[in-house]
Structures are given as C-alpha cells and as structure tokens.
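Working notes, structure below.
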Amino acid sequence: MDSRVPPRVAAFPFPFPRDTYRYSTNVEPAGGRAVTAAGGWGEHVVDVDER
Numbered sequence: 051m052d053s054r055v056p057p058r059v060a061a062f063p064f065p066f067p068r069d070t071y072r073y074s075t076n077v078e079p080a081g082g083r084a085v086t087a088a089g090g091w092g093e094h095v096v097d098v099d100e101r
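All the letters of the sequence shown, read from the start, carry residue numbers 51 to 101 under the working numbering.
In structure tokens, the structure reads:
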C-alpha cells in the first residue's frame, strides 16, 4: 500500500477540532505562519488548490 499523501491533501487543515466546521477565507495578512487548533495558515501568500 502506498502511504504517500498528495501535496494538496497534506496542505489541508486536518484534523478538524470538532465534528462541525465551516469554510472561510481570511484576507488579513499574516506576516508568517499562524498556528491554529486545526493546523495553521499564513505560511504562503496565496494558496490555491489545483481546481
């Protein structure tokens, strides 16, 4: 079995801290990586998925 994870999946903010969640967009400049309960954000200026 291949255990490698595609980069688009590895960058997704898993695990979610609860069973409910919502998608949102942060338009505030981070200035660097901000760690959150679900992982983090702000490491890249723009992070767009492949679709």
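Glycine included, each C-beta is placed from N, C-alpha and C at the ideal position.
When DSSP reads this structure, T86 sits in a beta bridge with G89. Restricting attention to R72, V77, R54, the CA atom closest to the CA of A88 is found in R72. A straight-line Cα-Cα distance of about 19 Å links R68 and A60. For T75, the closest of G92, V85, G82 by C-alpha to C-alpha distance is G92.
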